[in-house]
Amino acid sequence: MRDTPPIFQLLERLQGDRPWGSMLDAGTGARSARWMAGLPTTRWTAVSADPAMLAETRAALGPLRAADRLLAGNWSDAAFLAGERHDTVLAEYLLGAVQPYAPGLQPRLFARLRPLVGQRLYVIGLDPYAGGQGGSADDRLLRAIGRFRDGCLRRAGLVPYREYPAEWVLARLGEAGMAVRFARRFPNLYDARWVGMQLSSAAEALQGRAPACVVARMAAEAETLRARAAAHGVLRSGADYVIMAEPA
Ligand SMILES: C[S@@+](CC[C@H](N)C(=O)[O-])C[C@H]1O[C@@H](n2cnc3c(N)ncnc32)[C@H](O)[C@@H]1O
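Under my numbering, think of the first position of the sequence shown as 187, with each following residue one higher.
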């Protein structure tokens, strides 16, 4: 039996009896590619702007059919996959990740993808949580972790992901000529493992990219946040969203 993550189970329910046909994973990774490769598609294409991520994705998959493709490419390149059309297009946590690879593209991302969508586009995203003020104790702690992580990336000369709320996505989809058929938020829970990964990836980003005193100060701050999160327990804050749209 397939061990399908709940968010992909939802997409399978939304798809119902409709054929998946030719499918494009517009921002691939091991999770989404593994799921897509198990669907009854006629062929699939998985795209990443990051060759290392593409290699990891390939390593997570079994044998491919002759027509299945893993492609390195960037949606900022107008010629990339120009003229192609795929029955089903998936953008799973693509939007926020576009910022480091194609700064400035995010407001035009769905217009860029629109000609590639034959039947349906599924968007999975994350409401931003590192900005703003106030909220619950969970909101404040999650925001502190997000700000710390983004601050470390910037200090290391890297560009953090930039997320947008579901309403922003709905507006961009409308502008791109897509009709939204389904949209729902799902509240998020963040456990100690997730907190640990955020903090350690932030610390890793700084290694060799910042002076030792900065690395040491950030490591101490990471430890404070780790201890606060451990004392707090699971964080209930923010939401992911799932949106399904079709060419209008
Ligand atoms: C957060 S990962 C997506 C997660 C993925 N669906 C999974 O299963 O783990 C974002 C993906 O989008 C890709 N991406 C970001 N910006 C891109 C761009 N401008 N063009 C093409 N791919 C892009 C990244 O290279 C990466 O493969």
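Think of the CB as a built atom: it goes at the ideal place given N, C-alpha and C, for glycine as much as any other residue.
Report the partner residues of Ser208 according to the DSSP bridge assignment. Ser208 pairs with Arg229.
Do you know offhand how far Gly207's Cα is from Phe296's? Roughly 20 Å separates the two Cα atoms.
Might you give, ordered along the chain, the residues of its own chain that have their beta carbon closer than 8 Å to the beta carbon of Thr243, omitting 5 neighbours on each side? The beta carbon of Thr243 lies closer than 8 Å to those of Thr214, Gly215, Ala216, Ala219, Ala232, Ser234 and Leu256 in the same chain, with the five residues before and after it left out.
From what residue to what residue does the alpha helix (DSSP H) around Val303 run? Careful: Val303 lies outside any alpha helix (DSSP H), inside the beta strand (DSSP E) at Val303 to Leu312.
For Arg294 and Asp263, the rounded distance between their alpha carbons: 12 Å
Can you grab the Cα-Cα spacing for the pair Leu197 / Arg414, in whole Å? Those two C-alpha atoms are separated by around 36 Å.
For Arg199, which residues in the same chain have their Cβ closer than 6 Å to its Cβ, ignoring the five residues on either side in sequence? none
Rank Gln384, Ala362 and Arg367 by C-alpha distance to the C-alpha of Leu302 and give the top, closest one. Ala362
Collapsed DSSP secondary structure at Glu390 in the structure displayed: In this structure, DSSP gives Glu390 a helical state, which the three-state scheme calls helix.
Does the Cβ of Trp261 lie closer than 7 Å to at least one heavy atom of ligand 1? yes
Would Val303 count as contacting chain B if we go by Cβ distances under 8 Å? As a matter of chain content, chain B is missing from the structure shown, which is built from one protein chain.
Taking the continuous beta strand (DSSP E) assigned at Pro373, which residues delimit it? Met364 to Tyr376
Comparing C-alpha positions only, which one of Asn260, Pro351 and Ala238 sits nearest to Gly317? Closest by alpha carbon: Pro351.
Between Met187 and the rest of its own chain, which residues show a CB-CB distance below 7 Å, the 5 nearest in sequence each way excluded? Because Met187 carries a pLDDT of 48, less than 50, the predicted location of this residue cannot be relied on, and the following value inherits that uncertainty. If we look at Met187 and ignore the five residues flanking it on each side, it has no Cβ neighbours.
Throw me the rounded Cβ distance for the Leu328 and Leu421 pair, which I believe falls under 8 Å. 5 Å
Starting from Thr243, follow the alpha helix (DSSP H) in both directions and report where the run begins and ends. Pro237 to Ala245
Measuring only from the beta carbon, is Gly224 closer than 7 Å to any heavy atom that is part of ligand 1? no
What's the C-alpha gap between Ala431 and Ala265? 24 Å
Within the same chain, show all residues whose beta-carbon is closer than 7 Å to that of Val381, passing over the 5 residues directly before and after it, in chain order. Ile331, Arg412 and Ala415
CB Asp313 to CB Ala425, shorter than 8 Å? Result yes, Cβ atoms of Asp313 and Ala425 sit closer than 8 Å.
Using DSSP's beta-bridge definition, name the partner residues of Arg422. Leu375
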